[in-house]
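In our numbering, the protein residues as written are 120 to 423.
By construction, the Cβ of each residue, glycine as well, lies at the ideal position given by its N, Cα and C atoms.
Each remark here refers to the structure printed beneath this line.
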């Protein structure tokens, strides 16, 4: 999949394309239904499928006080777009200028002139242009448009907001069911207090670079992917009251990891299931015994 940041350097040599437009935060199953329809139409017409999205949630510019945290980062979204069969993704910087662009201009400059779209596929709640005036219904009066209806699972409409709520409450199974994959947190490994090493459970501490939805505090069974491979992991999110912590941390103990240093490296944590809340303990020995149980429960959860 080709990726273009902005349209300034985009030189489309194709004469026609099928477009797909949206914010697609997290690329959940509802978003995937929209994208897959665009991919299907593009393949049927033997044309490229060009997806247009944004580098941030538009609400961060037009209504920052109401802007929710993201479900997934841009890199994760791009990986899903590629897996779904998108030919080209155009990532537009959503700034004040773009927020003031009328729908008619967005249609003319971005969709028609830049990516040469002859038809477009959007979700039922789609809107573009200043003040969200360019609704899906309006767009359908301007060019051939397919409006994909809401996607439901067991009577629940799949949405980014529903996934945020599930993650914030530690309901990782619901989040995974609606995402079509495990909810993941990515970041880089940084140095910590190294207390885990002293008690026989060395952990990696994760520092993130964007404002992502934070899972409920507690202990989780999950998977850690580092350059060396993918490992089962017992993940802790919280303030670590048992060892006098204060600020919230995100750390993981990788089961069966050979012990090579990963400081400074990128890591992705997929959270499968919340095992328990964060607890305080009367002694360090009690903490160690509970960590041993958490590690065993993690292994049982992931291999069952």
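173 is the residue among 173, 288, 330, 418 whose C-alpha sits nearest the C-alpha of residue 229. Annotation for residue 123: the continuous beta strand (DSSP E) segment containing it runs 121-124. Note on residue 297: 16 or more other CB atoms within 10 angstroms of its CB, so buried under the neighbour-count rule. The alpha-carbon separation between residue 407 and residue 216 amounts to approximately 55 Å.
Looking only at 127, 270, 190, the smallest Cα-Cα distance to residue 333 is reached by 190. With a contact defined as Cβ atoms closer than 8 Å, residue 277 and residue 156 miss out at about 15 Å. In the three-state reduction of the DSSP assignment, residue 302 falls in the strand class, which pools E and B. Proximity of the region 195-215 to the region 163-178 meets the contact definition, three or more beta-carbon pairs being nearer than 8 Å.
When beta bridges are read from the DSSP output, residue 342 appears opposite 351, 389.
Across the set 231, 335, 243, 393, the C-alpha of 393 shows the shortest separation from the C-alpha of residue 342.
Measuring C-alpha to C-alpha distances from residue 338 to each of 142, 390, 354, 299 identifies 354 as the nearest. Note on geometry: alpha-carbon atoms of residue 402 and residue 185 lie some 43 Å from one another. Look at residue 234 here: in three-state DSSP terms it is coil, with no helix or strand label.
Of the residues assessed, residue 309 falls on the exposed side of the cut-off, its CB having fewer than 16 other CB atoms within 10 angstroms. Leaving aside the five residues that flank residue 418 on each side, the residues in its chain whose CB is nearer than 7 Å to its CB run, in chain order, 351, 374.
Look at residue 270 here: in three-state DSSP terms it is coil, with no helix or strand label. Annotation for residue 176: no beta strand (DSSP E) segment contains it, and DSSP assigns it neither H nor E. With the rule of 3 Cβ pairs closer than 8 Å, the region 283-298 does not count as touching the region 156-165. The C-beta distance from residue 303 to residue 195 rounds to 6 Å, short enough to fall under 8 Å.
Ranked by how close their Cα comes to the Cα of residue 421, the residues 139, 279, 390, 271 have 390 in first place.
Using a Cβ distance threshold of 8 Å, residue 368 and residue 324 count as a contacting pair. Taking a contact as a CB-CB distance under 8 Å, the pair residue 138 and residue 236 counts as one, their CB atoms being some 4 Å apart.
Judged by DSSP in its simplified three-state form, residue 220 adopts coil rather than helix or strand.
The residues 325, 326, 327, 328, 386, in chain order, have a CB closer than 7 Å to that of residue 306 in the same chain once the five nearest residues on each side in sequence are set aside. Where residue 228 is concerned, there is no enclosing alpha helix (DSSP H), because DSSP gives it neither an H nor an E. Excluding residues up to 5 positions away in sequence, 143 lie with their Cβ nearer than 6 Å to the Cβ of residue 150 in the same chain.
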